[in-house]
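Data first, discussion second: the structure below is written as structure tokens.
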Amino acid sequence: MTVYLINRPVLTRRQRRMLDYITTFREQHGYCVTVREIMAEFGIRSPHGVTCHLTALRKKGYLTWEPHQSRTLRPVEAGDPMHVETAEQLRENWERMHRGKQQ
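The sequence shown maps to residues 10 to 112 in the numbering used here.
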């Protein structure tokens, strides 16, 4: 499903800093930052901590990425079309991601 975001929720100070870092890194290097690079920049100790921030940015409509692929973080400008996963797609992706861990 594609939605167009015009009015987006306000970001926390930390979310704004992280989004600015992601945007600047991409502009300077020509490719996306990784979760580990964000961990190092912000002193976050685990990938899960970064993922929580990234997920909040995604839910608020400021960031998108391709699941299961590295270096695909992309800031979303206001008014840009954004792909939104349905609950069914989220469940299928979660199951696919965790299927290999159970074996």
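Positions of the beta carbon are idealized from the N, C-alpha and C atoms, including for glycine. Nothing here was measured: the structure is a model prediction, and the numbers come from that model.
Roughly how many angstroms lie between the CA atoms of residue i and residue j, to the nearest whole one?
i     : j      : result
Tyr30 : Arg105 : 30 Å
Ile47 : Cys41  : 11 Å
Arg25 : Arg108 : 34 Å
Pro76 : Leu82  : 10 Å
Gln37 : Trp74  : 19 Å
Val85 : Arg67  : 9 Å
Thr64 : Thr32  : 16 Å
With distance defined between alpha-carbon atoms, name the residue in the options nearest to residue i.
i     : options                : result
Glu78 : Ile53, Thr43 and Arg67 : It is Gln, not Glu, that sits at residue 78 in the sequence shown. Of Ile53, Thr43 and Arg67, the residue nearest in Cα terms is Thr43.
Arg23 : Pro56, Cys61 and Arg80 : Cys61
Could you tell me if residue i is buried or exposed, where buried requires 16 or more neighbouring beta carbons within 10 angstroms of its beta carbon?
i     : result
Val19 : exposed
Enumerate in chain order the residues of its own chain whose CB-to-CB distance from residue i is below 8 Å, with the five nearest sequence positions on each side excluded.
i     : result
Leu28 : Leu20, Leu66, Tyr71, Leu72 and Pro84
Arg54 : Met48
Pro56 : Val44, Arg45 and Met48
Who are the near neighbours of residue i in its chain, counting only those whose CB is closer than 7 Å to its CB and skipping five residues on each side?
i     : result
Arg17 : Lys69, Gly70, Tyr71 and Ala87
Arg80 : Tyr40, Cys41 and Thr43
Val59 : Val44, Ile47, Met48 and Ile53
Glu50 : Tyr30
Strictly by DSSP, which residues pair up with residue i?
i     : result
Pro84 : Leu72
Any heavy atom of the ligand SAH within a distance shorter than 6 Å of the CB on residue i?
i     : result
Thr81 : The ligand SAH is absent from the structure shown, which contains no ligand whatsoever.
I'd like the list of long-range same chain contacts for residue i, defined as Cβ closer than 6 Å, with 5 residues on each side in sequence excluded.
i     : result
Phe34 : Val42
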